[in-house]
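To keep things clear, I will list the structure first and then write my remarks on it.
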Amino acid sequence: MTEARAPRQFGSTEHLASEAIAAYVDGELRMQAYLRASHHISLCAECTAAVDAQQQARGALRRSGEMTMPLSLVGLLSAIPTCTTNTADNTPGSDAGFGAIGKRLSRRWRK
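Just so it is clear: in the sequence shown, position 105 is 1306 by the working numbering, and no numbers are missing.
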């Protein structure tokens, strides 16, 4: 007579991250990572459900067809002026290309 084992309980940090689940479903993991993920998925009902949901979402996106952009939006986007600031200044502490936000952040980090 064999005893039925209770499913293993995983801590919150032991589950696959959403990015790892997406990479698993898309076949983008390296072999070692894929094998580790497959093993975890075989033991974890929560991650199995997440993989199933990701596969369903991927399938729905593939079935949805090509999306088109309205010509009015294309016209508006092409009317955006190009950046004319000098971004060639790569010296340390340079804020070129980042504008006011870059200046605020660089002041914050220099303190």
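Beta carbons are placed, not taken as given, at the ideal position from N, Cα and C, and that holds for glycine.
The structure displayed is predicted, hence computed values, not measured ones.
Cβ contact annotation for A1223 (same chain, cutoff 7 Å, sequence separation greater than five): Q1255, in chain order. Remark: fewer than three beta-carbon pairs, one from each stretch, lie closer than 8 Å, so the segment 1232 to 1243 and the segment 1263 to 1274 are not flagged as touching. M1270: not part of any alpha helix (DSSP H); DSSP gives it neither H nor E.
When the Cα atoms are used, S1219 and L1236 turn out to be separated by approximately 17 Å. The C-alpha of L1277 lies about 26 Å from the C-alpha of S1265. If you ignore the 5 residues before and after A1221, its C-beta comes within less than 8 Å of the C-beta of L1230, A1234 and A1238, all in its own chain and listed in chain order.
The Cβ neighbour count for A1250, taken over all protein chains shown within 10 Å, is under 16; the residue is labelled exposed. Straight-line spacing of the CA atoms in R1263 and D1253 works out to 15 Å.
Each of E1215, H1216 and Y1225 was checked against the Cα of R1259, and the nearest Cα belongs to Y1225.
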